[in-house]
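Asker:
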Amino acid sequence: MSAQSRLAATISRAIAPRRPMRVSDWAAANRVLSSKASNEPGRWRNERNPLLVEPMDCFSARSPVREVVCRLPIQFGKSELECNVLGYSIDEVGGPIMVCLPGEVSQGKWIDQKLNPLLEETPAVRRRLASTASRDAANRRTFKDFEGGQLYVEHAGSPERLKSTSVRTLIVDEFSSFATALRSGDDPDLMLDGRTSAFPATYKRLKVGTPGIKGICRIDALYAKSDQRRWYMPCPDCGHKQPFEWSGLHWTPDASACWYVCRECGVVIEEHQKDAMIDAGSWVAENPGAEIRGYAANGLYYKIGRGPRWLQLVREWVDAQNDPAKLKTFINDRLAEAWEDPAMRAVKHNVIADRVEPMPLKPVPNWVLAVTAGIDTQDDRLPVQLVGWGRGLVCWPIDYVELPGDPAEDDVWLALTELISRPIERADGRLLRVEASAQDAGGHRTEAVKAFARRRLLRRHIAIFGAKANNAPVLSKGTLVDINWRGQLDKRGIKIHHVGTVGIKHMLYGRLSADADKPAEQRQVRFSEELPPEYFGGLVSETYNPAKNRFDKRRGAPRNEPLDTWVYAYAATHHPELRLHRLTKADWDLREQRLAAAENDVPREPSPPAVAAQGSRGTTAAPAKKGWRRNW
């Protein structure tokens, strides 16, 4: 070759456009799996798990996809997917990159088991590093400086670690384990998304994880917003394409054999056929048009030799049936689905809204014999709920209203006093009064709540805090909080009561669940058709989190003030001067008699002058008092 030809070839190579390379191609050409983190060390092969190819390629330089969520079972290659995307971004794309883990412990494990082997065993990534010296500032444990970019490895346990960093590529591992809110009150997911704002046209976000609890699971909620792709495969017999679903797997009563059934032709599919089916499959979007790419698979997609066999999964399922903890783990880890407490399925807002009765809120039904109120305290309003109670504490939500106004000012307290003091009419014309009320004293307006309670304008009005202990009683004994001029507790001051909110919510949800198949007159919680739709969403806006042994707000649910105020109204029934929960049948009978004889409800003719009656011992009996009941 002449010098002129060589010069031309060199110039053509220099000015030629860069050959586009996908992430899967880069991984096959450059990625080396380490024996420290893989049971099959050596060169990466895409055919090992074809389900990971398309999610990886979404992060290729020329892919228009901006955000990807992967809801996958454990040991399915999620970390290898992340490492391939990370290695490609370092070697081919550049720019600032952030990998974020839920906490400091998971961050350390990811660095030791995933990042360090990637840097050590993959030359294409290692040569991009500016330095490999451990003492060099460019090669710290959680920070790597490389040609054309920087890598940050952070955890979401502190808001400071998620600020002041702009990144082009964001990789989030164990997304479901992120906290609901940081100690600063911020949402870590939104804070992470904000890190990519400086790259509006080129940013990439990958969020990977295994689901958690339905309603509060981050990855499940994000997948619901995505195009919801699942791996469809042709049936070996009829060719009908379908995904693997747990409901399609069948087994013998003794779990000694299992098989899959085609949902189209009903043919039996043996496990040895699944590898060929998986290789012939492809991702199909079940919610096309969504901006977010979503990928979901379950444990039935493990290739033979790279995960548990179908029969092993069946035996794990059978063994977990009488153990809620094992069942939750199986559903989360193997089926890659969000776990839902069976008791919570009957308390969805649309299910409860279907139980409304064709009756107005007011006048209240005649079976209502007592009324209490629950008040929440917000910075700009006072949500109030009036609840009527009958025998056995069957309840009738009478009204839910939000009084606008800052509790630091007097106007909203005047409105509250007027609302609580207003009599409530029953269907028979008799009047009921709010007999006790409980108001949340937490938040920013604690002193305003305490000041209102000191004025004692309402009957049996108490200030409360939610108890931290999950086994706390419904209403604790009051604790003095006011101090006199001697620096001692003022016995004439107000008391703060603690409310066992977790136990009350369990009780409420249990009643709502038990009411599912009962006629209206036998339900324990009854509703009027005049209640607004948002009330029902707010009443069941929280779900129980067994990991934290508390109730957490469902993602996307309405505000939870209807639930909180109901809890406070129930706590007010336990007021030491009321104690509706301890009333016997005779006590409820007496309440009905008192209502029947109440002067303001039952009009009476003027009584004639009392006539002196001669007693057996020659004494004159005193005239009977008007309206007095002899069986009092």
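For what it's worth, the numbering used here labels the leading residue of the sequence shown as 14, then goes sequentially.
No residue lacks a Cβ here, since even glycine has one placed at the ideal position from N, Cα and C.
#1: Should residue 497 be flagged as near chain C, meaning a C-beta pair shorter than 8 Å?
#2: Find the nearest neighbour of residue 242 within the set 309, 202 and 277, judged by alpha-carbon distance.
#3: What residues in its chain sit with their C-beta under 6 Å from that of residue 112, if we drop five residues either side in the sequence?
#4: Can you grab the Cα-Cα spacing for the pair residue 248 / residue 282, in whole Å?
#5: Roughly how many angstroms lie between the CA atoms of residue 502 and residue 336, to the nearest whole one?
#6: So residue 91 is in the alpha helix (DSSP H); what residue range does that whole segment cover?
#7: What are the residues that DSSP puts in a beta bridge with residue 385?
#8: I'd like to know whether the C-beta atoms of residue 419 and residue 393 end up nearer to each other than 8 Å.
#9: How long is the line joining the alpha carbons of residue 406 and residue 179, rounded to whole angstroms?
#10: Between the Cα of residue 564 and the Cα atoms of 440, 229 and 194, which residue gives the shortest distance?
#11: Assuming residue 552 contacts residue 575 (C-beta within less than 8 Å), just tell me the rounded distance between them.
#12: Measuring CA to CA, which of 487, 428, 508 and 417 is closest to residue 454?
#13: Verify whether the separation of the beta carbon atoms of residue 458 and residue 421 is less than 8 Å.
#14: Decide if residue 21 is buried, meaning its Cβ has at least 16 other Cβ atoms within 10 Å, or exposed.
#15: Would you mind reading off the limits of the alpha helix (DSSP H) that contains residue 522?
#16: Can you give the Cα-Cα distance for residue 114 and residue 231, rounded to whole angstroms?
#17: Roughly how many angstroms separate the alpha carbons of residue 677 and residue 311, rounded to a whole number?
#18: Would you call the CB atoms of residue 96 and residue 127 closer than 8 Å?
#19: Taking just the CA atoms, how far does residue 110 sit from residue 181?
#20: Here's a check: name, in chain order, each residue in its chain whose Cβ is nearer than 6 Å to the Cβ of residue 37, leaving out the five neighbours to either side.
#21: Using 8 Å for Cβ pairs, my map puts residue 175 next to residue 72. What's the rounded Cβ distance?
#22: I'd like the list of long-range same chain contacts for residue 206, defined as Cβ closer than 6 Å, with 5 residues on each side in sequence excluded.
#23: Could you round the C-beta distance between residue 397 and residue 414 to whole angstroms and report it? I think they count as a contact, below 8 Å.
#24: Counting only the same chain and skipping the five closest in sequence on each side, list residues whose C-beta sits under 6 Å from that of residue 266.
#25: Does the count of Cβ pairs from the segment 152-172 and the segment 199-215 closer than 8 Å reach three?
#26: What residues match up with residue 274 in a beta bridge as DSSP calls it?
#27: Let me make sure I understand the geometry here. Which of 452, 465 and 383 has the alpha-carbon closest to that of residue 436?
#28: Less than 8 Å between the beta carbons of residue 375 and residue 411, yes or no?
#29: Within a Cβ cutoff of 7 Å, which residues of the same chain sit near residue 286, ignoring the five residues on either side of it in sequence?
#30: Going straight from the alpha carbon of residue 212 to that of residue 104, what length do you get?
#31: Which residue comes first and which comes last in the alpha helix (DSSP H) that contains residue 136?
#32: My output table needs one value for residue 537: the three-state DSSP class, helix, strand or coil.
#33: Among 193, 537, 314 and 601, which residue has its Cα nearest to the Cα of residue 246?
#34: State yes or no: is the C-beta of residue 332 within less than 8 Å of the C-beta of residue 578?
#35: Name the two residues that bound the continuous alpha helix (DSSP H) containing residue 659.
#36: Report the residue from 506, 560, 567 and 279 whose alpha carbon sits nearest the alpha carbon of residue 342.
Answerer: In terms of the structure at hand:
#1: Absence of chain C from the displayed structure is noted, only one protein chain being present.
#2: Working through the sequence shown from its first residue, we reach residue 242 at position 229. Taking only the C-alpha atoms, the option nearest residue 242 is 309.
#3: Translated into positions along the sequence shown, residue 112 becomes position 99. Cβ neighbours of residue 112 beyond the five flanking positions: 166 and 184.
#4: Counting from 1 along the sequence shown, the entry for residue 248 is found at position 235. Counting from 1 along the sequence shown, the entry for residue 282 is found at position 269. Going by the C-alpha atoms only, they are around 8 Å apart.
#5: Counting from one through the sequence shown, the residue named residue 502 turns up at place 489. Counting from one through the sequence shown, the residue named residue 336 turns up at place 323. If you take the alpha carbons of residue 502 and residue 336, they lie about 50 Å apart.
#6: Locating residue 91 in the sequence shown gives position 78, counting from the first residue. Start and end: 91-101.
#7: The sequence position of residue 385 within the sequence shown is 372, counting from 1. Its beta-bridge partners are 400 and 449.
#8: In the sequence shown, residue 419 corresponds to position 406, counting from 1. In the sequence shown, residue 393 corresponds to position 380, counting from 1. Cβ atoms of residue 419 and residue 393: closer than 8 Å.
#9: Numbered from its first residue, the sequence shown carries residue 406 at position 393. Numbered from its first residue, the sequence shown carries residue 179 at position 166. Taking the straight line joining both Cα atoms gives about 56 Å.
#10: In the sequence shown, residue 564 corresponds to position 551, counting from 1. Minimum Cα distance to residue 564 is reached at 229.
#11: Here residue 552 is taken as the residue at index 539 of the sequence shown, counted from 1. Here residue 575 is taken as the residue at index 562 of the sequence shown, counted from 1. Between residue 575 and residue 552 the Cβ distance is about 5 Å, and since that is below 8 Å, they are a contact.
#12: Working through the sequence shown from its first residue, we reach residue 454 at position 441. If we check each option's Cα against that of residue 454, 508 comes out closest.
#13: Within the sequence shown, the letter at position 445 stands for residue 458. Within the sequence shown, the letter at position 408 stands for residue 421. Closer than 8 Å, so yes.
#14: The residue given as residue 21 occupies position 8 in the sequence shown. So residue 21 counts as exposed.
#15: For this step, residue 522 is matched to residue 509 along the sequence shown. 514-527 is the span of the alpha helix (DSSP H), which, as asked, contains residue 522.
#16: Counted from its first residue, the sequence shown places residue 114 at position 101. Counted from its first residue, the sequence shown places residue 231 at position 218. Taking the straight line joining both Cα atoms gives about 14 Å.
#17: Because the chain is modelled from 14 through 645, residue 677 falls outside the range shown and cannot be assessed.
#18: In the sequence shown, counting from the first residue as 1, residue 96 sits at position 83. In the sequence shown, counting from the first residue as 1, residue 127 sits at position 114. Their beta carbons are under 8 Å apart, which means residue 96 touches residue 127 by this criterion.
#19: Sequence index remark: in the sequence shown, residue 181 carries index 168 (1-based). Sequence index remark: in the sequence shown, residue 110 carries index 97 (1-based). Taking the straight line from one Cα to the other gives about 6 Å.
#20: The residue labelled residue 37 in the question sits at position 24 within the sequence shown. Closer than 6 Å at the Cβ level, and outside the excluded window around residue 37, lie 59, 66, 69 and 70.
#21: Here the question's residue 175 lines up with position 162 in the sequence shown. Here the question's residue 72 lines up with position 59 in the sequence shown. Rounded, the Cβ-Cβ distance is 21 Å, inconsistent with contact.
#22: Here residue 206 refers to the residue found at position 193 when the sequence shown is read from its first residue. Excluding positions up to five away in sequence, the list is empty.
#23: Within the sequence shown, residue 397 is the residue found at index 384, counting from 1. Within the sequence shown, residue 414 is the residue found at index 401, counting from 1. So it is a contact: roughly 5 Å between Cβ atoms.
#24: On the sequence shown, residue 266 is found 253 positions in, with the first residue counted as 1. Closer than 6 Å at Cβ, skipping near neighbours: no residue.
#25: yes
#26: The residue you call residue 274 lines up with position 261 of the sequence shown. Residue 274 pairs with 281.
#27: Sequence index remark: in the sequence shown, residue 436 carries index 423 (1-based). Measuring from the Cα of residue 436, the nearest candidate turns out to be 383.
#28: For the purposes of this step, residue 375 is taken as the residue at position 362 of the sequence shown. For the purposes of this step, residue 411 is taken as the residue at position 398 of the sequence shown. In this structure, residue 411 lies closer than 8 Å to residue 375 by Cβ.
#29: Working through the sequence shown from its first residue, we reach residue 286 at position 273. 249, listed in sequence order.
#30: If you number the sequence shown from 1, residue 212 lands on position 199. If you number the sequence shown from 1, residue 104 lands on position 91. Computed Cα separation, rounded: 19 Å.
#31: As a first step, residue 136 is located in the sequence shown; it is residue number 123 there, counting from the start. Per DSSP, residue 136 belongs to the alpha helix (DSSP H) from 136-139.
#32: Counting from one through the sequence shown, the residue named residue 537 turns up at place 524. Coil at residue 537, not helix or strand.
#33: Here residue 246 refers to the residue found at position 233 of the sequence shown. If we check each option's Cα against that of residue 246, 314 comes out closest.
#34: The count along the sequence shown starts at 1 and reaches residue 332 at position 319. The count along the sequence shown starts at 1 and reaches residue 578 at position 565. In this structure, residue 578 does not lie closer than 8 Å to residue 332 by Cβ.
#35: No answer is possible for residue 659: it lies beyond the span of the chain, which begins at 14 and ends at 645.
#36: Reading the sequence shown from its first residue, position 329 is the one you call residue 342. The option with the nearest alpha carbon to residue 342 is 560.
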